[in-house]
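Below: the structure, in structure tokens.
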Amino acid sequence: MTQVIQLGLLVEAVLNVIGAAVFIRYPAWCLSYVVSSDTVPPSAAVLWQIYGGLVLALTIPILLVIPNSPTVFEQRSLIFKTLTAGELVLIGVLSWHASKPIESGFTWSGLALSAMFLLPALTWHSCAAFVLPDLMRPSTRIRDNGEARKGL
């Protein structure tokens, strides 16, 4: 089943790189759909570019754990738990600001949609980390354990 995780990691990395490139290259365009004013404040555009940079930075560890290695389970587990925690915080902050959109400078729909767009990633990371962690183990290790049990 490690192939499911490997494919998921690859798809996630590709989507992260594409999204982050758009965030960094076109921050005002991205934010124009969610800010409540007619223009995007330059400070918001800079912060959005920083967010894009963080998305790219967090993609590097994802790419590094696609191939199997002796310690890949522990590495994948740490990465998935870290991403789960980050997504929980982001969803919380976005939801909190959605309760008072006028003060935040963003539209309610922009904040709510941003939080909802994180739900698939949160589901993927939390399920892999906490519900089905054996999916992150290399297939050979799972096969070896199964063969060892048969021999007993």
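So the sequence shown is numbered by numbering that gives the first Met the number 0: it starts at 0 and just counts up by one. Built from N, CA and C at the ideal position, the CB exists for glycine as well. Note that the structure is a prediction, hence the values are computed from the model and not measured.
Can you tell which of the options has its C-alpha closest to the C-alpha of residue i?
i	options	result
Ala84	Leu63, Leu118, Val71	Leu118
Leu9	Arg75, Val39, Leu89	Arg75
Ser138	Val13, Ser68, Asp37, Gly7	Ser68
Pro66	Pro132, Cys126, Gly7, Leu131	Gly7
Tyr25	Val13, Asp37, Pro41	Pro41
Tell me whether residue i is buried or exposed, calling it buried when 16 or more other Cβ atoms sit within 10 Å of its Cβ.
i	result
Phe79	buried
Thr122	exposed
Trp47	buried
Val152	Residue 152 lies beyond the stretch modelled for the chain, which goes from 0 to 151, so this question has no answer here.
Val33	buried
Taking 7 angstroms as the limit between beta carbons, can you name the residues of its chain near residue i, skipping five residues before and five after?
i	result
Gly51	Ala19, Phe22, Ile23
Glu11	Ile61
Arg136	Thr1, Phe72
Spatial neighbours of residue i within its chain, please: C-beta separation below 6 angstroms, excluding the five flanking residues on both sides.
i	result
Ala97	Trp107, Leu110, Ala111
Ile90	Ala114, Leu117
Contact defined as beta carbons within less than 8 angstroms: I believe residue i pairs with residue j. What is the distance between those atoms, to the nearest angstrom?
i	j	result
Ile49	Leu134	Not really, about 32 angstroms apart at Cβ, beyond 8 angstroms.
Val71	Val64	6 angstroms
Is the Cβ-Cβ distance between residue i and residue j less than 7 angstroms?
i	j	result
Ala27	Ala44	yes
Ser31	Gly104	no
Leu93	Ala120	no
His124	Leu87	no
Who are the Cβ neighbours of residue i in its own chain at under 8 angstroms, not counting the five residues just before and after it?
i	result
Pro16	Here residue 16 is Val; the residue named in the question, Pro, does not match the sequence. Answer for Val16: Leu55, Thr58, listed in chain order.
Ala127	Ile4, Gly7, Arg75, Phe79, Leu134, Met135
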